[in-house]
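To start, the structure under review is shown below, and the notes come after it.
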Amino acid sequence: MERRRIFPSVAALTSAVADIIARDAKSAAEQGRRYTIALSGGSTPRILHETLVRAESINLIPWDNIEFFFGDERTVPADDEQSNYRMAHETLFSRAPISKERIHRIPGEVSPATKAAKDYETVLRAHFKSPAHGFPQFDLILLGIGTDGHAASLFPATDILDETKKWVAATYVDKLSTWRISLTYPVINQARKIIVLVTGDGKSDIVHTLFNDPASAKLLPVMRIVPKGEMLWFLDNSAAARIQE
Ligand code: 6PG
Numbered sequence: 000m001e002r003r004r005i006f007p008s009v010a011a012l013t014s015a016v017a018d019i020i021a022r023d024a025k026s027a028a029e030q031g032r033r034y035t036i037a038l039s040g041g042s043t044p045r046i047l048h049e050t051l052v053r054a055e056s057i058n059l060i061p062w063d064n065i066e067f068f069f070g071d072e073r074t075v076p077a078d079d080e081q082s083n084y085r086m087a088h089e090t091l092f093s094r095a096p097i098s099k100e101r102i103h104r105i106p107g108e109v110s111p112a113t114k115a116a117k118d119y120e121t122v123l124r125a126h127f128k129s130p131a132h133g134f135p136q137f138d139l140i141l142l143g144i145g146t147d148g149h150a151a152s153l154f155p156a157t158d159i160l161d162e163t164k165k166w167v168a169a170t171y172v173d174k175l176s177t178w179r180i181s182l183t184y185p186v187i188n189q190a191r192k193i194i195v196l197v198t199g200d201g202k203s204d205i206v207h208t209l210f211n212d213p214a215s216a217k218l219l220p221v222m223r224i225v226p227k228g229e230m231l232w233f234l235d236n237s238a239a240a241r242i243q244e
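The opening position of the sequence shown corresponds to residue 0 in numbering that gives the first Met the number 0, with each subsequent residue numbered one higher.
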């Protein structure tokens, strides 16, 4: 099921995501299981993290019941400015009562990137054991999108888009002249919930294409996700500005 919500501000959007995380993580705890999140890089997740650790939210979240993973990573050490882990550490892990054992980062410093991807798949396999459908089921995968329609590190015209077996893969992104490490479609598709966070007027053209131009949209990586659970599009007013055109 796919749903779209448009929020009057980034703050309203991130508060709504924080409410979902608080509610779903609590309900997982009541069912006696851990709640698993794959975090994203990017500008909106940074604001989401700041929302989660604010006084109004911090006590509503059962931190000890959440396992934090990552949807993708750059091929850099954990303390590099470009590292998604570093951003999450600065904005979330260091500010909330989260124990180290609950944080599972992608080892972006391991070379070659294909080994980093394998190592992370081993981490996921240790946690998710032998999942029913052959792929792990995250409770929540957070995604952002780029102006080229990429999500996580699934960029247009890269070989990772055709991956059907691996849980995690390394992929060379020509236009960035770099390797990235990312969860693959089969894992993203399997999630109980996916939330795509899209904010700012820089995203209004791609959002217009995604929702108004089905022929072009279906070629974009984010639209090739086939969610088995819920896929929620959370947009702010600026990103959604051209939707009605
Ligand atoms: C990353 C991401 C990437 C990101 C989008 C949107 O590591 O960069 O995982 O997929 O979410 O590029 O980023 P912004 O929110 O910064 O526009």
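C-beta: ideal position from N, C-alpha, C; glycine also.
Not a single heavy atom of the ligand 6PG lies less than 8 Å from the C-beta of Asp79. Around the beta carbon of Pro111, fewer than 16 other beta carbons lie within 10 angstroms, which makes this residue exposed.
By the Cβ-count criterion, Asp235 is buried, with 16 or more other Cβ atoms from all chains shown falling within 10 Å of its own Cβ.
According to DSSP, residue pairing for Met222 in a beta bridge does not occur. According to DSSP, Met230 shares a beta bridge with Glu1 and Ile193.
Remark: C-beta atoms of Leu209 and Met230 do not approach each other more closely than 9 Å.
Beta-bridge partners of Val172 (DSSP): Thr177. Boundaries of the beta strand (DSSP E) harbouring Glu72: Asp71 to Arg73, taken from the DSSP string.
When DSSP states are grouped into helix, strand and coil, Gly133 belongs to the coil group. Its chain contains Leu139, Gly228 and Glu229 as the residues whose beta carbon lies nearer than 6 Å to that of Lys192, once the 5 sequence neighbours on both sides are disregarded; these appear in chain order. Between Ser215 and Asp63, the alpha-carbon positions lie close to 43 Å from each other. The C-beta of Pro96 has fewer than 16 other C-beta atoms within 10 Å across all chains shown, which makes the residue exposed.
Ser56 is positioned such that its CB atom lies closer than 9 Å to that of Ser14.
Not one heavy atom of the ligand 6PG lies closer than 8 Å to the C-beta of Ser26.
The C-beta separation of Leu142 from Ala150 comes to about 4 Å, placing the pair in contact by the 8 Å criterion. Non-local beta-carbon contacts of Phe69 in its own chain, meaning distances under 7 Å to residues more than five positions away in sequence, involve Ala37, Leu38, Asn83, Tyr84, Arg104 and Ile105 in chain order.
A contact between stretches requires three or more CB pairs, one per stretch, nearer than 8 Å, and the region 154-170 meets this requirement with the region 115-131. One thing to note: Ile60 has its Cβ no nearer than 9 Å to the Cβ of Val9. The beta-carbon distance between Ile144 and Lys202, rounded to whole angstroms, is 7 Å. This is short enough to meet the 8 Å contact definition.
Gln189 counts as buried, since at least 16 other C-beta atoms from the protein chains shown sit within 10 angstroms of its C-beta. In the three-state DSSP reduction, Leu160 falls in the helix class (H, G or I). In the three-state reduction of the DSSP assignment, Ile20 falls in the helix class, which pools H, G and I.
By the CB criterion at 9 Å, Gly107 and Pro76 fall inside the cutoff. Shown here, Phe6 sits in a strand according to DSSP, grouped into three states. Straight-line spacing of the CA atoms in Phe134 and Leu123 works out to 10 Å.
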